[in-house]
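Q: Chains as they are written, first to last, in the working numbering: chain A, 309 to 565; chain B, 242 to 583.
All C-beta atoms in this analysis are idealised placements derived from N, C-alpha and C, irrespective of residue type, glycine included.
Quick one: the structure is below, and I'll ask about it shortly.
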């Protein structure tokens with residue numbers, strides 16, 4: 309079991325239980341699984357991802373490889389998992405390549421942080437896989453939202469961790485890159501059976517095509533967990549999104565016929 | 242190709258900076274020709290006798306007055322610029338500086354108490370004001386960081402900035418109170434605040450130089466963390482940087498540099514704010530380049546400002562802080578906005 313939580317409480321006030329966003333949840337994630345966290349806006353998906361990434365303090369228990377996430381040193385946790393958060397404002401601009409190279413931070417041991425050949429190879433590969441080779445010299449503040457999203461995705465990939473936490477990775481991406489991202493993630497999962505993916509998805513179809521396990525959240529709690537068959541029953545999604553998801557999806561499909 | 246132009250820019254900037262510093266030593270009420278200057282410096286350094294052909298008054302003007310003064314200005318400029326670059330990146334705020342963190346308010350209050358109480362006039366030696374200025378400024382920042390860490394467990398940037406600014410205002414209020422009650426001393430206090438390099442000796446230049454070298458080396462060891470922290474705490478943490486620890490260390494070193502600068506020069510604004518921005522424009526945002534180039538360019542800029550401050554209305558001297566803003570604003574506007582379309 310790579311991740312295991314019990315009575316997990318998490319929030320943004322000094323003491324998480326005072327104004328909790330995540331309320332006493334319990335879940336288990338096995339090594340090698342591909343997990344999608346689904347739920348309506350504000351249900352605590354991103355907060356859960358932050359707690360797993362060790363970015364937010366929490367109460368209760370959250371074990372990563374058998375040890376409490378809070379007891380990890382920053383370095384140690386970043387060797388195990390890479391988090392791609394939602395885009396934030398940029399104040400100082402770097403080039404695409406420089407930004408992706410920052411993903412190699414923990415791998416580079418040179419005193420002045422000069423990248424070695426392996427760092428360069430990995431960055432090259434991540435740039436290529438995200439369609440960034442042609443704009444590698446551009447400043448990231450000149451890029452569109454989708455291009456920027458791909459830059460940060462490439463940086464997260466360059467960390468080469470066995471666990472990936474992605475917060476709405478398809479945000480800002482056009483259809484082509486959504487499709488490519490899907491392929492990319494599937495490839496990455498196949499590369500090594502230990503590769504574990506945990507993602508927050510708005511796009512249920514994307515989640516279905518990449519993931520084999522689902523956590524459905526509502527109001528800071530997990531209302532359903534398990535495989536596609538268990539979770540995707542109309543009732544559970546109806547409860548989570550407070551709408552008839554299934555007939556909405558079918559209606560959308562009907563436009564194509 | 243890009244690498245090459247980058248390297249060329251660095252080399253040209255360094256050469257220009259050295260030329261500026263040399264010119265600053267040569268220009269003044271009495272001009273010291275570069276050739277004589279070189280002879281004097283050569284013989285002083287090698288400890289050999291200076292030929293009689295050189296006017297003895299030039300020797301003392303150059304060696305005892307102008308060189309230490311210019312170098313002092315250079316190192317103060319280097320310290321302020323490096324510290325400004327760090328503050329902006331760590332706090333993720335293009336307007337942040339040590340002054341936002343209360344260095345100047347604290348240092349001025351310390352000096353004000355010394356001047357008003359009359360201790361400054363007693364025979365404690367010429368280092369009383371600088372040492373007190375340094376300690377008061379530095380301790381103010383430590384206090385600000387300490388309290389920010391207490392109120393906000395995650396030490397978020399806006400907490401640090403907000404508390405720093407509020408506390409600076411509080412200290413400034415005390416300062417205003419003291420000035421209004423002890424109006425006899427106001428003139429001296431204002432002069433100290435405005436900043437000047439007049440009468441700086443080798444010892445001052447030497448102390449600031451050591452601080453700059455030590456601080457600069459420590460900062461350079463953190464250049465990658467600085468790069469990463471400009472993307473924000475969350476991203477920095479997920480890349481493996483212990484943001485809380487790094488923030489404390491980097492802010493303390495940056496404040497130490499400003500404190501060391503302020504104590505020998507008074508409050509000189511503008512350099513720490515603008516030089517790093519100009520450097521980022523010219524050399525990109527990587528701190529591997531931003532830090533050393535800020536030091537070189539900031540140093541040359543302040544040496545130039547000091548030279549202007551003592552020559553433009555000679556024999557009167559105008560406050561160097563006024564010059565940095567008057568010269569700096571047009572320069573900054575040009576560098577920052579001329580290629581904003583690119």
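1. Across which residues does DSSP place residue 475 of chain A in a beta bridge pair?
2. Figure out for me which residue from A/346, A/563 and A/335 has the closest Cα to the Cα of residue 474 of chain A.
3. Thinking just about the alpha-carbon of each residue, which of B/369, B/547, B/457 and B/279 is nearest to the one in residue 566 of chain B?
4. Using a Cβ-Cβ distance under 8 Å, would residue 406 of chain A count as near chain B?
5. Whether or not the region 500-516 of chain B and the region 387-396 of chain A are in contact is what I'm after, with contact meaning three or more pairs of Cβ atoms, one per stretch, closer than 8 Å; do they touch?
6. Run through the DSSP bridge pairs and tell me what residue 556 of chain A is partnered with.
7. Measure from the alpha carbon of residue 451 of chain A to the alpha carbon of each residue in A/466, A/491, A/492 and A/407, then state which is nearest.
8. Please tell me whether residue 534 of chain A has its Cβ less than 8 Å away from any Cβ of chain B.
9. Report yes or no: do three or more beta-carbon pairs, one from the region 295-315 of chain B and one from the region 436-449 of chain B, lie closer than 8 Å?
10. Does any CB atom of chain B fall closer than 8 Å to the CB of residue 383 of chain A?
11. At a Cβ cut of 8 Å, what residues of the region 353-369 of chain A count as close to chain B, listed as they run along the chain?
12. Given that residue 527 of chain B touches chain A, what residues does it touch there, using C-beta distances under 8 Å?
13. Per DSSP, what kind of secondary structure is residue 527 of chain A in: helix, strand or coil?
14. If contact is defined by three or more beta carbon pairs under 8 Å, each pair taking one atom from either stretch, is the region 275-284 of chain B in contact with the region 543-560 of chain A?
15. To the nearest angstrom, report how far apart residue 583 of chain B and residue 311 of chain A are at their CA atoms.
16. Quick one: list the residues of chain A neighbouring residue 342 of chain B, beta-carbon separation under 9 Å, in chain order.
17. Residues of the region 460-473 of chain B in Cβ contact with chain A at a cutoff of 7 Å, in chain order, please.
18. Okay, do the region 331-351 of chain B and the region 401-410 of chain B touch, 3+ Cβ pairs below 8 Å being the bar?
19. Counting only C-beta atoms, is residue 513 of chain B closer than 8 Å to chain A at any point?
20. I need the boundaries of the alpha helix (DSSP H) containing residue 574 of chain A, first residue and last residue.
21. Is residue 393 of chain A close to chain B? Criterion is C-beta to C-beta, closer than 8 Å.
22. For residue 411 of chain A, would you say it is in contact with chain B, using Cβ-to-Cβ distances shorter than 8 Å as the test?
23. Is it true that the CB of residue 438 of chain A sits closer than 8 Å to the CB of residue 458 of chain A?
24. Could you list which residues in chain B have their beta carbon closer than 7 Å to that of residue 414 of chain A, in chain order?
25. Comparing the C-beta of residue 426 of chain B with each C-beta of chain A, is any distance below 8 Å?
26. Here's the rule: buried if 16 or more other CB atoms are within 10 angstroms of the residue's CB, otherwise exposed. What is residue 534 of chain A?
27. Taking all protein chains shown into account, do 16 or more other C-beta atoms lie within 10 angstroms of the C-beta of residue 470 of chain B, making it buried, or fewer, making it exposed?
28. Is it right to say residue 324 of chain A is buried, meaning 16 or more other beta carbons lie within 10 angstroms of its own, or is it exposed?
29. Starting from residue 268 of chain B, follow the alpha helix (DSSP H) in both directions and report where the run begins and ends.
30. Which residues of chain A have a Cβ atom closer than 9 Å to the Cβ of residue 596 of chain B, listed in chain order?
31. Select from B/527, B/552 and B/451 the residue whose C-alpha is nearest the C-alpha of residue 439 of chain B.
32. Which runs of the alpha helix (DSSP H), 4 residues or longer, sit entirely within the region 356-396 of chain A?
33. Taking only the alpha-carbon atoms, compute the straight-line gap between residue 434 of chain B and residue 416 of chain B and give it to the nearest angstrom.
34. Buried or exposed for residue 574 of chain B, going by 16 or more other Cβ atoms inside 10 Å?
35. Are the C-beta atoms of residue 335 of chain B and some chain A residue less than 8 Å apart?
36. Distance, Cα to Cα, residue 571 of chain B vs residue 317 of chain B?
A: Taking the geometry as given:
1. Per DSSP, A/508.
2. A/346
3. B/547
4. yes
5. no
6. Beta-bridge pairing links residue 556 of chain A to no other residue.
7. A/407
8. no
9. yes
10. yes
11. Cβ contacts with chain B: 358, 361, 362, 363 and 365.
12. 402 and 406
13. coil
14. no
15. Reliability of the predicted coordinates at residue 583 of chain B is poor, the pLDDT of 45 falling under 50, and no value is obtained from them.
16. Chain A residues near residue 342 of chain B: none, gap ~17 Å exceeds 9 Å.
17. 464, 465, 468, 469, 471 and 473
18. yes
19. no
20. Since the displayed chain A opens at 309 and closes at 565, residue 574 of chain A lies outside it and no answer follows.
21. yes
22. yes
23. A contact, by the Cβ cut-off of 8 Å.
24. Against chain B, a Cβ distance below 7 Å from residue 414 of chain A picks out 481.
25. no
26. exposed
27. buried
28. Residue 324 of chain A is buried by the Cβ-count criterion.
29. Residue 268 of chain B -> no alpha helix (DSSP H), and no H or E assigned at all.
30. Chain B is shown from 242 up to 583; residue 596 of chain B falls before or after that span and cannot be answered.
31. Ranking the options by Cα distance to residue 439 of chain B, first place goes to B/552.
32. Restricting attention to alpha helix (DSSP H) runs no shorter than 4 residues, the region 356-396 of chain A encloses them at 382-388, ordered along the chain.
33. 12 Å
34. exposed
35. For residue 335 of chain B, at least one C-beta of chain A is nearer than 8 Å to its own C-beta.
36. 22 Å
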